[in-house]
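In this note's numbering, the protein residues as written are 72 to 273.
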């Protein structure tokens, strides 16, 4: 029996997406420091009370925006991993390549990185400063994708989350502070991953 559509849930999801779309547009145009709840509420056409009830305070809005963008990237990363079913290091490196290339064309990422030196204008601290549940979630999602795609030895399995974390942090480092081409960055990441997997393999 097909599931009965939940109209109220659908409306709330539409509202949630409109809020994030409004925040996305404002961050791209003016930076994170320009975002305030009054402007978002006015853009969406709701009261501040409704906005706070739906999304929370500004910090929660930023986290939701970064989480949505991260989820979109992770989907592409997992597809890239799956394109190398016989080589886990190559799969993760392909995921890093996807991230770096997609980020260069992403308006939110570009707007954030161009304001990287201004903490108030950037969303980057949500990924790089203090507790980072968004980053931890990305690592868990990628590790799960690797486990579903590859038959790993037990010794590698025990170290997989740590290896994936190195991959994610290296990719993020090249994204935030590039020192060469994307191809150079991917080669470095691939070499590092290959060494880590070789060291973990009995």
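For every residue, glycine included, the Cβ atom is placed at its ideal position computed from N, Cα and C.
N-terminal and C-terminal residue of the alpha helix (DSSP H) that residue i is part of
i, result
"residue 85", "78 to 101"
"residue 261", "253 to 271"
"residue 223", "Careful: residue 223 lies outside any alpha helix (DSSP H) and carries neither H nor E."
"residue 116", "Neither: residue 116 is in no alpha helix (DSSP H) and is coded neither H nor E."
"residue 194", "Segment: none, residue 194 is in no alpha helix (DSSP H) and carries neither H nor E."
"residue 159", "159 to 175"
Environment of residue i [buried if 16+ CB atoms lie within 10 Å]
i, result
"residue 213", "buried"
"residue 180", "buried"
"residue 127", "exposed"
"residue 235", "buried"
"residue 148", "buried"
"residue 268", "buried"
"residue 238", "buried"
"residue 217", "buried"
"residue 159", "buried"
"residue 81", "exposed"
Beta-carbon proximity list for residue i, same chain, < 6 Å, skipping 5 on both sides
i, result
"residue 93", "111, 114 and 115"
"residue 168", "257"
"residue 89", "115"
"residue 162", "152 and 155"
Local conformation of residue i per DSSP, three classes
i, result
"residue 127", "coil"
"residue 238", "helix"
"residue 245", "helix"
"residue 292", "The first residue shown for the chain is 72 and the last is 273, placing residue 292 beyond what the model contains."
"residue 232", "helix"
"residue 217", "helix"
Residues near residue i in its chain [Cβ-Cβ closer than 7 Å; skip 5 each side]
i, result
"residue 245", "171 and 256"
"residue 226", "271, 272 and 273"
"residue 135", "91 and 126"
"residue 175", "none"
"residue 241", "260 and 263"
Own chain residues within Cβ distance below 8 Å of residue i, not counting five before or after
i, result
"residue 129", "106, 107 and 108"
"residue 122", "90, 108, 111, 112 and 115"
"residue 177", "140"
The ligand ATP heavy atom lying under 8 Å from the CB of residue i
i, result
"residue 93", "No copy of the ligand ATP occurs in the structure displayed, which carries no ligand at all."
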